[in-house]
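Start counting the sequence shown at 1; every next residue gets the next number (the numbering used here).
To start, the structure itself, in C-alpha cells.
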Amino acid sequence: YVLLIFILTYVACFAASFGPVPWVILSEIFPIKLRGLAMSVATLSVWVAVYFVTQLFPILVEEIGPAYTFWIFFAVSMMAFVFVWTQIPETKEKTLEEIEQSW
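Take a look at the structure:
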C-alpha cells in the first residue's frame with residue numbers, strides 16, 4: 001500500500017502543479033505575437049522532463065528501491081507545487097490586458 005500511496009501522491013502533486021498550469025498560464029499571460037513561441041518552449045520542456053523521468057525511473061528503482069525513488073519524485077513534485085503556489089500570479093477576475101501589464 002505504501003507504493004500505491006506514493007504513486008497517488010506524485011500524480012496528485014503533478015496534477016496540481018506542473019501538469020495543467022503551463023498551458024493555462026501561457027494562454028493567458030503572453031501577448032498573441034509571443035504565444036506560439038511560448039507554447040512551443042513549454043511543450044518542449046514538458047517532453048524533456050517526461051523523457052528524463054522515464055529514463056531515470058527504472059534506474060532509480062533498481063539502484064535505491066521503489067520507496068526512495070518515490071520519495072525523490074515526491075520531493076521534486078512538492079517543490080514544484082510550492083513554486084507554482086508562491087510564484088505564479090492569480091489571474092482570476094482579471095482581464096487579459098491587466099494580466100499582460102503585470103508581467
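Note that the Cβ used here is the ideal one computed from N, Cα and C, for glycine as well.
Quick caveat: nothing in here was measured; it's all calculated off a predicted structure.
Own chain, CB closer than 8 Å to residue i, minus 5 neighbours either side, in chain order
{"i": "Glu28", "result": "Thr91, Leu96, Ile99"}
{"i": "Arg35", "result": "Leu26, Ser27"}
{"i": "Val50", "result": "none"}
Neighbourhood of residue i by C-beta distance below 7 Å, restricted to the same chain and skipping five residues each side
{"i": "Ser77", "result": "Tyr10, Cys13, Phe14, Ser17"}
{"i": "Val21", "result": "Val84, Ile88"}
Same chain only: Cβ atoms within 6 Å of residue i, ignoring 5 sequence neighbours per side
{"i": "Ala80", "result": "Ser17, Phe18"}
{"i": "Val61", "result": "Thr69"}
Beta carbon of residue i nearer than 8 Å to that of residue j
{"i": "Phe57", "j": "Thr69", "result": "yes"}
{"i": "Val24", "j": "Ala67", "result": "no"}
Distance between beta carbons of residue j and residue i, contact taken as under 8 Å
{"i": "Phe74", "j": "Phe6", "result": "6 Å"}
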